[in-house]
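Residues 3 to 431 in the working numbering are what the sequence shown spells out, letter by letter.
C-beta atoms are modelled at their ideal positions from N, C-alpha and C, and glycine is treated no differently.
Keep in mind that this is a model prediction, so the values were computed, not measured.
The structure appears below as structure tokens.
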Amino acid sequence: MKVGIIGCGYVGLTTGVCLAEIGHYVICVDNDVEKIKKLLAGKTPIFEPGIEKLLKKNKRKLKFSTNIKEAVIGNDIVFIAVGTPSNPDGSPDLSYVESVSREIAKYLDDYKVIVEKSTVPVETAQWIKITIEKYKKNNNVKFDVVSNPEFLREGSAVKDFLYPDRIVIGVESERAKRIMLKLYSKIKAPKIVVDTKSAELIKHASNSFLAMKISFINAVANICELSGADVEKVALGMGLDRRIGKDFLRAGIGYGGSCFPKDVDAFIWIAEKIGYDFSLLKEVKKINQRQRELFVKKIEDSLWIVKDKTVGILGLSFKPNTDDIREAPSIYVIRSLRQKGAKIKVYDPKAMDKMKQLFQEIEYCNSPYEVAKNADCLVILTEWDEFRGLDLAKVKKLMLQPVIVDGRNIFDPETMQKFGFIYKCIGRS
Ligand code: UDX
Ligand code: UDX
């Protein structure tokens, strides 16, 4: 099939290369000229495992352009995968989705399925439909709007696309259903075909539920700390119950990234707008924020006086295997410690270039050991594999004081004590 994708971010680009991988002809469009230049040169503008390999492998089936017209004319399906950032009140900013819909309308030459891939509030498909109807030049041309939410985790987005737990397709016509099922026929996974509103809600409900699981285990971690229990053992005991499931029960410094914080805000806002006070989700959000504050307090408690102390930070990305720092807890931690007068040294295998755009005054190091050198405290904010394999004896020798505050529970407290560290982690002692 012939597919156009508008928006080459994490979601759009992954969708594009994976659809080419399963045999489709894809043209990816973005209004960011630099991004398209890179893609035309065979390079990926984002760090995402597997993307570059698929770009090369499928280069004959993939095209790139800055012109929306090319994503529409002659294609069977057009994906909208532009950003939907949060407004200050938590509502999603849908202005890009709206303007792209108007552009699509201009070039609609024949029947097409327009797919909303971006995460959008319930009823957005209806609005896209109204917008295209209003702006389309050719009155006789027909189209359908479909909701097809993504469940791609950064770091494993390609795998999540090609081997998903399920594919959700929200349609209002048999014709669109047939086309979407054909598009995904090569992917073996349950295909859930529902109405567009239910599909839109599945996305917000799923991400909010996962965020809730994380806040729940973080709340339990605090109770563990207060009572002397071990949250890792509690999570294991809970997770083996198949009704609960062991995933997303890792206690830590709270969730970040471009999706969970934004989607929780959006779901609270959507619910309020249609008359429901989603107080449960408001608490999920509060617990997540409090988790960061408690973590900074743990660092302060370990240092006594923060001013002029050197804090070494390992991990900046919001999770491992990505260079993404959007809503990363590291940003909050660095900002708070700097306000209190600490000197900051950092290391991350992938995310330092992005962080340099936010903080110029901190020291960027070439290795975890360079960070540890003369540090009063070492703080772990992302569970990169590289950190699990650290030579702890070497780290201890390099530090001024052997204090480690671990926001991701990557070490065993007993082992750390044996090495002579003062080791503070989350929900266990
Ligand atoms: C985005 C949304 O934020 C998310 O809610 C949704 O589920 C999928 O799309 P992501 O791909 O991570 O997720 O966003 P981002 O990396 O910001 O990419 C959006 C791309 O759209 C950017 O490359 C941007 O340049 C492009 N864009 C934006 C356009 O091409 N045209 C526009 O009018 C606006
Ligand atoms: C998420 C969704 O999982 C995915 O389906 C898609 O809709 C986009 O949003 P992503 O943001 O890439 O994916 O990462 P994810 O692996 O879900 O992690 C999100 C955050 O939660 C990270 O900051 C991570 O560190 C944190 N997390 C995750 C925990 O703190 N504990 C856990 O047990 C799991």
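* Asked: Can the beta-carbon of Val-84 be found less than 9 Å from the beta-carbon of Val-99?
  -> yes
* When every heavy atom of ligand 2 is checked, does at least one fall within less than 8 Å of the C-beta of Leu-316? -> no
* Min CB distance Lys-136 to chain C below 9 Å -> The chain labelled as chain C is not found in the depicted structure, where only one protein chain is given.
* Asked: Say the cut is 8 Å; is the CB of Lys-37 nearer than that to a heavy atom of ligand 1?
  -> yes
* To do: Tell me whether Lys-311 is buried or exposed, calling it buried when 16 or more other Cβ atoms sit within 10 Å of its Cβ.
  => buried
* Could you tell me whether the region 69-86 touches the region 105-119, using the rule of 3 or more Cβ pairs below 8 Å? => yes
* Have a look at Ser-200, Tyr-371, Arg-340 and Ile-272 and flag the residue whose alpha-carbon is nearest the alpha-carbon of Gln-362. => Arg-340
* **Gln-419 to Leu-242 span [Cα, whole Å]** => 29 Å
* Can you tell me which of the three DSSP states Phe-66 falls into? => strand
* Less than 8 Å between the CB of Lys-205 and some heavy atom of ligand 2, yes or no? -> yes
* Asked: Just to confirm, are Val-308 and Lys-342 a CB contact at a threshold of 9 Å?
  -> yes
* Asked: Would you call the CB atoms of Ile-48 and Val-28 closer than 9 Å?
  -> no
* Asked: What's the gap between the Cα of Phe-262 and the Cα of Glu-365?
  -> 29 Å
* For Lys-264 and Asp-226, the rounded distance between their alpha carbons -> Reading off the sequence shown, one finds Cys at residue 226, where the question assumed Asp. Computed Cα separation, rounded: 29 Å.
* Quick one: Cα of Tyr-186 to Cα of Leu-296, how far? -> 45 Å
* Could you please give the first and the last residue of the uninterrupted alpha helix (DSSP H) stretch that includes Val-286? => 281-305
* **From Ala-330, Ala-374, Val-80 and Pro-166, residue whose alpha carbon lies closest to that of Ala-353** => Ala-330
* Closer than 8 Å: is that where the CB of Ser-2 sits relative to any heavy atom of ligand 2? -> Within the shown structure, residues of the chain are numbered from 3 to 431, placing residue 2 beyond reach of any answer.
* **Collapsed DSSP secondary structure at Asp-408 in the structure displayed** => strand
* To do: For the alpha helix (DSSP H) containing Phe-49, list its first residue and its last residue.
  => Where Phe-49 is concerned, there is no enclosing alpha helix (DSSP H), given that its DSSP letter is neither H nor E.
* To do: Please say whether Phe-423 and Ile-406 have beta carbons closer to each other than 9 Å?
  => yes
* Mind listing, in chain order, the continuous alpha helix (DSSP H) runs of no fewer than 4 residues lying wholly within the region 350-417? => 354-358, 370-374, 387-390 and 394-400
* What are the partner residues of Phe-145, as DSSP defines its beta bridges? -> Lys-114
* Exposed unless 16 or more other CB atoms sit within 10 angstroms - verdict on Glu-176 -> exposed
* Which residue comes first and which comes last in the beta strand (DSSP E) that contains Phe-211? -> Per DSSP, Phe-211 belongs to no beta strand (DSSP E); it is in the alpha helix (DSSP H), 198-229.
* Asked: Under the three-state reduction of DSSP, which class applies to Ile-8: helix, strand or coil?
  -> strand
* **contact_flag[the region 147-161, the region 112-128] where n(CB pairs < 8 Å) is 3 or more** => yes
* To do: Taking Asp-350 as the reference, give the member of Tyr-334, Asp-111, Ser-369 and Ile-130 with the closest Cα.
  => Ser-369
* **Straight-line Cα distance separating Leu-383 from His-26** => 40 Å
* Strand pairing of Pro-94, partner residues [DSSP] -> Ser-88
* Could you give the C-beta distance for Ile-204 and Pro-151, rounded to a whole number, given that I count them as a contact under 8 Å? -> 6 Å
* Should Ala-253 be counted as a contact of ligand 2 given a C-beta to heavy atom distance under 8 Å? -> yes
* Asked: Can you round the beta-carbon distance between Ile-24 and Ile-189 to whole angstroms, since I take them to be within the 8 Å contact cut?
  -> 7 Å
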